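Colleague: Residue numbers (the working numbering), protein chains in the order written: chain H, 128 to 289; chain C, 128 to 289.
Yeah, the Cβ is synthetic: ideal placement off N, Cα and C, and Gly gets one too.
What you are looking at is a predicted structure, and each value in this text was computed from that prediction instead of being measured.
Number of protein chains: 2
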Amino acid sequence: MYARQRVRCSVAATLEVVGERWSLLIVREALMGSKRFDEFHDRIGVARNILAQRLKALVGHGVLKRQPSPENKRIPLYTLTPKGEDLLASVVSILQWGDRWIHDDVGAPIVLTERESSQALVPMRPTTKDGVTVTAKNLSIHAGPGATAVMRQRFAPTATRK
Amino acid sequence: MYARQRVRCSVAATLEVVGERWSLLIVREALMGSKRFDEFHDRIGVARNILAQRLKALVGHGVLKRQPSPENKRIPLYTLTPKGEDLLASVVSILQWGDRWIHDDVGAPIVLTERESSQALVPMRPTTKDGVTVTAKNLSIHAGPGATAVMRQRFAPTATRK
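1. DSSP three-state call for C/Ser-244: helix, strand or coil?
2. Does the beta-carbon distance from H/Ser-196 to H/Arg-163 come in below 9 Å?
3. Beta strand (DSSP E) containing H/Thr-206: first to last residue?
4. Looking only at C-alpha atoms, which of C/Gly-225, C/Val-138, C/Gly-234 and C/Glu-212 sits nearest to C/Leu-158?
5. Do H/Ala-235 and C/Ser-137 have their CB atoms nearer than 9 Å?
6. What does C/Ala-283 touch in chain H if you count any residue whose Cβ is under 9 Å from its own?
7. Is the beta carbon of H/Ser-150 sitting closer than 9 Å to the one on H/Ala-184?
8. Could you give the residue range of the beta strand (DSSP E) that holds H/Lys-192?
9. At least one CB of chain H closer than 9 Å to the CB of C/Glu-198: is that the case?
10. Do you know whose CA, among H/Val-190, H/Val-249 and H/Thr-262, lies nearest C/Thr-254's CA?
11. Can you find a CB in chain C that lies within less than 9 Å of the CB of H/Val-249?
12. From the DSSP output, in three-state form, read off C/Leu-266 for me.
13. Please classify C/Ala-130 as buried or exposed, where buried requires at least 16 neighbouring CB atoms within 10 angstroms.
14. Decide if H/Glu-241 is buried, meaning its Cβ has at least 16 other Cβ atoms within 10 Å, or exposed.
15. So, is the C-beta of H/Asp-165 closer than 9 Å to a C-beta in chain C?
16. If you measure beta-carbon to beta-carbon, which residues of the segment 235 to 247 of chain C are closer than 7 Å to chain H?
17. Below 8 Å between beta carbons is the criterion; list the residues of the segment 217 to 236 of chain C that meet it against any residue of chain H, in chain order.
18. Cα separation between H/Ala-274 and H/Ala-139?
19. Give the secondary structure of C/Arg-131 by DSSP, where H, G and I count as helix, E and B as strand, and everything else as coil.
20. Can you tell me which residues form a DSSP beta bridge with H/Pro-284?
21. Quick check on C/Thr-260: buried or exposed, where buried means 16 or more other Cβ atoms within 10 Å of its Cβ?
22. On a CA-only basis, which of H/Lys-200, H/Glu-198, H/Leu-204 and H/Arg-181 is nearest H/Lys-192? Give me that one, please.
23. Of all the options C/Val-173, C/Trp-228 and C/Ala-270, which has the alpha carbon lying nearest to the alpha carbon of C/Ile-153?
24. Quick check on C/Asp-231: buried or exposed, where buried means 16 or more other Cβ atoms within 10 Å of its Cβ?
25. If the cut is a Cβ gap below 8 Å, which residues of chain C does H/His-269 touch?
26. In or out: H/Gly-160 buried (at least 16 other Cβ within 10 Å) or exposed?
27. Could you check if C/Ala-184 belongs to the surroundings of the ligand ATP, using beta carbon to heavy atom distance under 8 Å?
28. If you count every other CB in all the chains shown that lies within 10 Å of the CB of H/Glu-243, and 16 or more means buried, which is it?
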């Protein structure tokens, strides 16, 4: 996939899988419990042919799995794999940004809570293990083990303390 | 923007701003220090006409600001606004997902640290204020103050404990 690329980046690689509006909305819907084609179609408002393409691609990438419905073998159900469920952090951080910067006038359309405690989620922030919050101001970028030669020229190798 | 929509969603609203591969890669590059058109062009590998469109849209959405370079007034510099810098959490969570699920064989291409302490960032997880991690299994979804009528039918209103 990256054989000819000068740069290897996990943001770009992730966006190859879900970096397109409909794909991430399909993941959002699956996290909210949608399983059937018609549920995704009605709730996202995406054209049926595009939805069919995106569902197939997400199954191909191992984000969704497709299984026959126990009630009716002819109806497939789409559910998240562990890889797909792990996109929750990305979906939540995107949702929280929208709450802060786009829907700040009307209030959050959706409130996410933890089921047992009914406590709301707090804003997700990048942090170190000691709990220091990292912003654009104190972010430092290093070439990691998977960096290409071009990337190692641009970014000093990491000298992180564990 | 949402006058005729039955559903209001901060994921969808955010994706209207950055929900497209190139836009989020431009934000990534800006977080990594790129400021000039040619820097974005060389480092992202996007066609010049598409880059020009996306930069203009991100300025229009208030994610980037465009100012003349102090060295050469004819060269514009693109830098993140506070709204744009606040996308760091989304970019980092997407990067970490790619590290875990796509580049797990080669290792992380990029390692992010906090500048002062040189400590690496820990994986971002949605949590409650008591530090309980929320996954797809214990996530609960409620209609918030900005929910539309259709959303309030689908999701019970929130009864969160602060």
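Modeller: On the basis of the data shown:
1. Coil at C/Ser-244, not helix or strand.
2. Yes. Within cutoff.
3. 203 to 207
4. The candidate whose alpha carbon is nearest that of C/Leu-158 is C/Glu-212.
5. yes
6. Those within 9 Å of C/Ala-283 in chain H number zero; the least Cβ separation is about 10 Å.
7. Cβ atoms of H/Ser-150 and H/Ala-184: closer than 9 Å.
8. 191 to 195
9. no
10. Closest option to C/Thr-254, Cα to Cα, is H/Val-249.
11. yes
12. Residue state, collapsed to three classes: strand.
13. Bear in mind that the predicted position of C/Ala-130 carries a pLDDT of just 42, short of 50, making it too unreliable to give a figure here.
14. buried
15. no
16. Ala-235, Pro-236, Ile-237, Val-238, Leu-239, Thr-240, Glu-241, Arg-242, Glu-243, Ser-244, Ser-245, Gln-246 and Ala-247
17. Ser-217, Val-218, Val-219, Ser-220, Ile-221, Leu-222, Gln-223, Trp-224, Gly-225, Asp-226, Arg-227, Trp-228, Ile-229, His-230, Val-233, Gly-234, Ala-235 and Pro-236
18. Roughly 13 Å separates the two Cα atoms.
19. With a pLDDT of only 49 at C/Arg-131, under the threshold of 50, the placement of this residue in the model should not be trusted, and no figure is reported.
20. H/Ala-270
21. Counting Cβ neighbours within 10 Å, C/Thr-260 comes out exposed, since fewer than 16 surround it.
22. Closest by alpha carbon: H/Leu-204.
23. C/Val-173
24. exposed
25. Ile-237, Val-238, Leu-239 and Thr-240
26. exposed
27. Absence of the ligand ATP from the depicted structure is noted, as is the absence of any ligand whatsoever, leaving it without description.
28. Label assigned to H/Glu-243: exposed.
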